[in-house]
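Enquirer: Below are the structure tokens for one structure; questions will follow.
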Amino acid sequence: MADRISREELLEKLFHEDYENLKGRTLRITRLRIPGKEVCMAHVITPSDPRIYQNLGLHIGVHEGEDHTGEAVGLIRFTPWEAVVAAADFAVKAANVQIGFMDRFCGSLILTGALTQVQTAVEQTVAMFRDELGFAVCDVKKS
Numbered sequence: 172m173a174d175r176i177s178r179e180e181l182l183e184k185l186f187h188e189d190y191e192n193l194k195g196r197t198l199r200i201t202r203l204r205i206p207g208k209e210v211c212m213a214h215v216i217t218p219s220d221p222r223i224y225q226n227l228g229l230h231i232g233v234h235e236g237e238d239h240t241g242e243a244v245g246l247i248r249f250t251p252w253e254a255v256v257a258a259a260d261f262a263v264k265a266a267n268v269q270i271g272f273m274d275r276f277c278g279s280l281i282l283t284g285a286l287t288q289v290q291t292a293v294e295q296t297v298a299m300f301r302d303e304l305g306f307a308v309c310d311v312k313k314s
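Heads up: the sequence shown begins at 172 in the numbering used here, then just goes up one per residue.
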């Protein structure tokens, strides 16, 4: 593990040329997160435990008598976050899947449906973002 550096050492590294002139002054450092074009997670799971659906809230809003427990779940995460809207549209057109959850403020998309359909939707969505939109993408994992 790397050694921790002191506050003064950090400031000296950041402002190496002006450090002597800045000593004793009040400094304000602002950290920014600038999202790139990236698919940073793509995962397909087949849950067998109903608690997975309940904890994700995927059991809410189903019609009486329907039980989607055991269906596959596709998880995809995007930056910039707004890309999730286009991804959701593409995914439902690529395969017979339902949108379990979509968060345009965090870039999270959850798809549900039959395993082969969810896997197809996730793989084709990731490929489209890589090939057509130039996003950096991760591998699609399956468990």
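Heads up, the beta-carbon is just placed ideally off N, CA and C, and yes, glycines get one too.
Since this is a predicted model, take the numbers as computed values, not measurements.
#1: Count Cβ pairs between the stretch 249-257 and the stretch 282-292 that sit closer than 8 Å; are there 3 or more?
#2: Tell me whether the stretch 209-225 and the stretch 190-197 touch, counting them as touching only if at least three CB pairs, one residue from each stretch, are closer than 8 Å.
#3: For E180, does the count of other Cβ atoms within 10 angstroms reach 16, so buried, or fall short, so exposed?
#4: Terminal residues of the continuous beta strand (DSSP E) containing R248?
#5: In angstroms, rounded to a whole number, what distance separates the CA positions of I176 and L185?
#6: How many Å lie between E294 and L182 at the Cα?
#7: For F276, which residues of its own chain have a beta-carbon under 8 Å away from its beta-carbon, when the five flanking residues on both sides are left out?
#8: Are the CB atoms of A262 and A292 within a distance shorter than 8 Å?
#9: Identify, in the order they occur along the chain, each residue of the same chain with its Cβ nearer than 8 Å to the Cβ of T197, setting aside the five sequence neighbours on each side.
#10: So V244 and T283 are supposed to be a Cβ contact under 8 Å. How far apart are they, rounded?
#11: Helix, strand or coil for T240? Go by DSSP, reduced to three states.
#12: When DSSP labels each residue in this structure, what does L280 get in the three-state scheme?
#13: At the level of alpha carbons, what is the spacing between G271 and D174?
#14: At what residues does the alpha helix (DSSP H) containing F261 begin and finish?
Expert: Let me spell this out:
#1: Contact between the stretch 249-257 and the stretch 282-292 is absent, because fewer than three Cβ pairs lie under 8 Å.
#2: As far as the Cβ criterion goes, the stretch 209-225 does not touch the stretch 190-197, which means the pair count is below three.
#3: Within the sequence shown, the letter at position 9 stands for residue 180. Burial call: exposed.
#4: Mapped onto the sequence shown, residue 248 falls at position 77. That run of the beta strand (DSSP E) goes A243 to T250.
#5: Against the sequence shown, residue 176 aligns to sequence position 5. Against the sequence shown, residue 185 aligns to sequence position 14. I176 and L185: Cα-Cα distance of roughly 12 Å.
#6: In the sequence shown, residue 294 corresponds to position 123, counting from 1. In the sequence shown, residue 182 corresponds to position 11, counting from 1. C-alpha separation (whole angstroms): 44 Å.
#7: Within the sequence shown, numbered from 1, the residue matching residue 276 stands at position 105. Excluding residues within five positions, the ones whose Cβ falls inside 8 Å are W252.
#8: Position 121 of the sequence shown, counted from the start, is the residue given in the question as residue 292. Position 91 of the sequence shown, counted from the start, is the residue given in the question as residue 262. Result yes, Cβ atoms of A292 and A262 sit closer than 8 Å.
#9: Within the sequence shown, residue 197 is the residue found at index 26, counting from 1. If we look at T197 and ignore the five residues flanking it on each side, it has no Cβ neighbours.
#10: Translated into the one-based positions of the sequence shown, residue 244 becomes position 73. Translated into the one-based positions of the sequence shown, residue 283 becomes position 112. Going by Cβ atoms, the distance from V244 to T283 rounds to 6 Å, so yes, they are a contact pair.
#11: Against the sequence shown, residue 240 aligns to sequence position 69. It is coil, neither helix nor strand.
#12: One-based indexing of the sequence shown puts residue 280 at position 109. L280 falls in the strand class under three-state DSSP.
#13: Taking the sequence shown and counting its residues from 1, the one referred to as residue 271 is at position 100. Taking the sequence shown and counting its residues from 1, the one referred to as residue 174 is at position 3. In a straight line, the C-alpha of G271 is about 44 Å away from that of D174.
#14: Reading the sequence shown from its first residue, position 90 is the one you call residue 261. Taken as a continuous stretch (DSSP letters only), the alpha helix (DSSP H) holding F261 covers A254 to A265.
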